[in-house]
DNA sequence: TTCCCCTATGAACCCCTGTTCAGATGGTGG
DNA sequence: CCACCATCTGAACAGGGGTTCATAGGGGAA
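Chains as they are written, first to last, in the numbering used here: chain A, 20 to 159; chain B, 20 to 159.
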């Protein structure tokens with residue numbers, strides 16, 4: 020999808036070759052013919068396995084309600100682990116485990132002060148991302 | 020996080036009350052005291068369980084490499100199931116199952132033509148979302 | 001230095017999700 | 001109207017992720 024992002028203006032939502040096999044009225048996928056022209060055109064733009072894997076791992080980090088609650092708390096202000104646990108009503112061990120996941124995708128940053136570790140959102144992309152998703156969900 | 024999105028300008032990345040318990044130099048979370056002021060301040064802004072659940076389901080739909088490949092193909096042009104299967108090298112049944120997940124989160128729309136069903140991206144939010152994530156990943 | 005507390009890690013268990021195979025549905029072309 | 005073919009659905013199996021309990025690490029305070 021890197022390619023997609025690069026030239027996102029080239030996206031068309033219109034029907035593709037609405038006449039798949041020119042000269043034939045049958046829009047069928049029959050046999051192994053499929054719509055070879057479309058497939059060949061699209062295939063090189065498909066996300067590579069590595070890219071897809073990496074992006075999937077990123078979204079996986081966001082695909083848990085508890086982690087989203089943690090992020091929504093951190094969006095307000097920096098907090099240490101025990102405060103986070105209290106704020107989202109989770110065990111401290113569970114919080115630590117989830118924070119590890121968030122760290123691995125660089126969704127949060129952390130900072131040691133005294134005997135505590137304070138966590139916060141990593142950067143602005145995260146917030147922009149939430150805004151997009153929130154809009155999408157509100158449109159439901 | 021709805022609240023967070025609503026007033027995202029109110030986010031501070033600065034340390035919270037860097038002196039958690041006024042009059043005490045110990046920034047400790049000891050006992051059940053934690054940093055009550057911080058917790059009470061943040062807690063009402065934490066995503067509700069229902070909101071978090073809904074958003075988690077949305078991200079879950081994006082947390083699979085195969086589904087991301089499908090989306091990257093659909094970002095190029097509308098395609099029918101069998102073409103998608105060929106483009107991402109998956110079985111048609113598996114593609115159909117995954118498209119069901121994408122439909123359930125309204126990530127794709129579909130349209131019947133002849134004996135085929137053409138799928139495409141649902142709306143522009145999806146693309147904007149990809150752009151944010153792609154930037155985030157590239158910054159790694 | 002020594003103890004203590006916050007945080008992190010490891011392992012076991014369970015649930016949830018993706019895949020595959022088989023069969024059902026339903027619009028289409030003859 | 002009938003048979004066909006693309007798509008969808010359902011069930012069974014396998015794998016990955018989350019929670020919990022128990023334990024280890026690592027600063028700070030005295």
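Using N, Cα and C, we set each Cβ at its ideal position, and we do this for glycine too.
All values derive from a computational prediction rather than experimental measurement.
Does chain B have any CB closer than 9 Å to the CB of residue 61 of chain A?
Taking the first residue of the first chain as position 1, residue 61 of chain A is located at position 42. True, the Cβ-Cβ gap to chain B drops below 9 Å.
Against residue 105 of chain B, what residues of chain A qualify as contacts under a CB-to-CB distance less than 7 Å, listed in chain order?
Taking the first residue of the second chain as 1, we reach residue 105 of chain B at position 86. Those are 53, 58, listed as they occur along chain A.
Quickly, what does DSSP pair residue 128 of chain A with across the bridge? List them, please.
Within the first chain, numbered from 1, the residue matching residue 128 of chain A stands at position 109. Partner(s): A/139.
Could you pull out every residue in the same chain whose Cβ sits closer than 7 Å to the Cβ of residue 115 of chain B, ignoring the five residues on either side in sequence?
Working through the second chain from its first residue, we reach residue 115 of chain B at position 96. The answer, listed in chain order, is 100.
Could you confirm whether any beta carbon from chain A is found closer than 9 Å to the beta carbon of residue 66 of chain B?
For the purposes of this step, residue 66 of chain B is identified with residue 47 of the second chain, where counting begins at 1. Yes, contact with chain A.
According to DSSP, is residue 153 of chain A helix, strand or coil?
The residue you call residue 153 of chain A lines up with position 134 of the first chain. Correct three-state label for residue 153 of chain A: helix.
How would you label residue 110 of chain B, buried or exposed, when you count the other beta carbons within 10 angstroms and need 16 or more for buried?
Start at 1 with the first residue of the second chain, and residue 110 of chain B comes out as number 91. So residue 110 of chain B ends up on the exposed side.
What does a CB cutoff of less than 6 Å around residue 169 of chain A pick up in its chain, not counting 5 residues either side in sequence?
Because chain A is modelled from 20 through 159, residue 169 of chain A falls outside the range shown and cannot be assessed.
Alpha carbons only, please: which of B/105, B/91, B/94, B/72 is nearest the one belonging to residue 89 of chain A?
If you number the first chain from 1, residue 89 of chain A lands on position 70. Per the Cα distances, B/72.
Is residue 55 of chain B buried or exposed, if buried means 16 or more other CB atoms sit within 10 Å of its CB?
Counting from 1 along the second chain, the entry for residue 55 of chain B is found at position 36. The residue is exposed, with fewer than 16 neighbouring Cβ atoms inside 10 Å.
Would you mind working out which of A/79, A/153, A/63 sits nearest residue 107 of chain B, comparing C-alpha positions?
Walking along the second chain from the start, residue 107 of chain B turns up at place 88. Of A/79, A/153, A/63, the residue nearest in Cα terms is A/63.
Within 10 angstroms of the Cβ of residue 87 of chain B, are there 16 or more other Cβ atoms? Answer buried if so, exposed if not.
Within the second chain, numbered from 1, the residue matching residue 87 of chain B stands at position 68. Buried is the call here.
Following the continuous alpha helix (DSSP H) through residue 76 of chain B, name the residue where it begins and the one where it ends.
Taking the first residue of the second chain as 1, we reach residue 76 of chain B at position 57. 68 to 80 is the extent of the alpha helix (DSSP H) around residue 76 of chain B.
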